[in-house]
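Just so we're aligned, residue 344 is where the sequence shown starts under our numbering, counting upward by one. C-beta: ideal position from N, C-alpha, C; glycine also.
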Amino acid sequence: FPVTISHKKKKLLQELDEMSLKYKALDQKVQVLQEASEELRLRDRNIYRVIFEADPLPTPKEDRKDKIDAYAYLASYRYGSLMATTALKTEALGRELLRQSQSYQELTRLIRNKSQLMEALPAIQPMALSGRRRGELVSGYGYRMDPIYKTVKFHEGIDLIGPLYAPVYATGDGKVSEMVRMDRGYGNYLLLDHGYGYQTLYAHLSRFEVRPGQRVKRGQMIGRLGNTGKSTGPHLHYEVVKNGRKVDPVYYIFNDLNPQQHSELVARASSTNQSLD
């Protein structure tokens, strides 16, 4: 009997050693897969989601202590630490792959909507015709001198001048969500809702060429340049709103300009001067 027990013990130890080698090999494979998963996550966050302007996936909060406690029973085993570590890594990898799969499903949906998104982006100048009726940018986004009160305040859009009654164009596909007439502030103004979190505002118009709720296409005339409201001369005050926050419109005007023209536009917009409203 002692010989038989010794033989069995030896065989069990060999099996344990083999299992240890298999666990170490598995642990190495999991490590390689984790590195590949991390590369996918970084590409997702820094490339794909930037292209589609999608928010990054939130990092889930995990109670690592509870997960470690779940494998506490393995501590008494010869290779318990290795087994617990590998199990934790495998679980984490499974969760990450599930999140990445969900992310790619969302990106697939965004790809289907990409063409609609590109048409909805406010990507052209609101007064972009060539010739005598072309708009000229005279004041940019940022702190500017108020032309009436002579105090510095934040100018939430850009001002373009042109001939009175010059056409004003929708800068992206959208719907007329507001059409207001008043003798102060923005004067007569239009607000277009482009979807995907984008809105554009066109102020100080002399008249409207659309109706409330109407769907418009990029480049469609929506109004005429005017001098209504708080204005010191015929001009268009143009704003871009992204997810409820007003942003610098010049960085969205790229579809009808070459790189040099866009650089010149940005330079003009960044010069400190007086706004027209």
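| Item | Value |
| --- | --- |
| What would DSSP say about Met334, mapped onto helix, strand or coil? | With the chain covering only 344 through 620, there is no way to say anything about residue 334. |
| Please name the residue in Asp360, Glu358, Leu355, Lys518 whose C-alpha comes closest to that of Leu464. | Lys518 |
| Ala513 by DSSP, collapsed to three states: which one? | coil |
| Quick check on the DSSP output: the alpha helix (DSSP H) that includes Ala612 runs from which residue to which? | 602 to 613 |
| Could you give the first and the last residue of the continuous alpha helix (DSSP H) run that contains Met440? | One point to set straight first is that residue 440 is Leu, not Met, in the sequence displayed. Here the alpha helix (DSSP H) through Leu440 covers 423 to 455. |
| DSSP state of His498, grouped into three classes? | strand |
| Roughly how many angstroms separate the alpha carbons of Val590 and Tyr366, rounded to a whole number? | 54 Å |
| Could you tell me the alpha carbon to alpha carbon distance between Leu376 and Gln459, rounded to whole angstroms? | 36 Å |
| Rank Pro510, Leu534, His498, Asn586 by C-alpha distance to the C-alpha of Tyr541 and give the top, closest one. | Asn586 |
| Which complete beta strand (DSSP E) runs does the stretch 509 to 558 hold, if anything under 3 residues is left out? | 510 to 512, 517 to 523, 532 to 538, 541 to 546 |
| Pull up the CB-CB distance for Asp502 and Lys560, whole angstroms please, since I reckon it's below 8 Å. | So it is not a contact: roughly 25 Å between Cβ atoms. |
| Ser473 to Ser444, Cα distance in whole Å? | Residue placement at Ser473 is poorly supported in this model, since its pLDDT is 47, which falls under 50; the coordinates still yield a value, given next. Between Ser473 and Ser444, the C-alpha separation is close to 48 Å. |
| Please state whether DSSP places Val346 in a helix, a strand or coil. | With a pLDDT of 48 at Val346, under the threshold of 50, the predicted position of this residue should be treated as unreliable, and no value is reported. |
| Using the three-state DSSP reduction, which class does Ser363 fall into: helix, strand or coil? | helix |
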